[in-house]
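So for the sequence shown, the UniProt record's numbering puts the first residue at 1; every next one is plus one.
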Amino acid sequence: MGRTVPSFRQVVGNEYSTLEKYCKALRKQDGELLRELILSARMHTHAAGYAGFLDPMQAILLGMLLEQEKKIKEIEKRK
């Protein structure tokens, strides 16, 4: 039997598709930056599924924030 309820990864994938449409509507440079953020957030999809998020956009945004924080810490270490 097949799944009747999509997996969290599938639901998040649908959100990424929606965000891709938004990227296309942005100026080219802004769209490219947003795509980079989206790709960085994908690395945390497994953790979000495990945590049981109800809203996939929350998981995506938290993944983006986490990756941005990593970059900030890396820059601070260089000083």
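Positions of the beta carbon are idealized from the N, C-alpha and C atoms, including for glycine.
Among the options, the one whose alpha carbon lies nearest that of residue i
i   : options              : result
T45 : I60, K28 and G31     : I60
E20 : R27, L62, G31 and P6 : G31
L66 : L54, R78 and A47     : A47
R23 : L62, R78 and R35     : Arg is not the amino acid found at residue 23; the sequence shown has Cys there. Of the candidates L62, R78 and R35, the one whose C-alpha sits nearest the C-alpha of C23 is R35.
R42 : F8, K77 and R78      : F8
T18 : K28, I38, V5 and Q29 : I38
Integer-rounded CB distance, given that residue j should sit under 8 Å from residue i
i   : j   : result
S40 : M64 : 6 Å
Range of the contiguous alpha helix (DSSP H) that encloses residue i
i   : result
M57 : P56 to R78
T45 : T45 to A51
K11 : Per the sequence shown, residue 11 should be read as Val rather than Lys. It spans F8 to A25 - the alpha helix (DSSP H) in which V11 sits, taken as one unbroken run.
Neighbourhood of residue i by C-beta distance below 8 Å, restricted to the same chain and skipping five residues each side
i   : result
V11 : P56
L26 : L34
Close beta carbons around residue i, own chain, < 6 Å, minus the five adjacent residues each side
i   : result
G72 : Before going further, note that residue 72 is Ile rather than Gly in the sequence given. Answer for I72: no residue qualifies.
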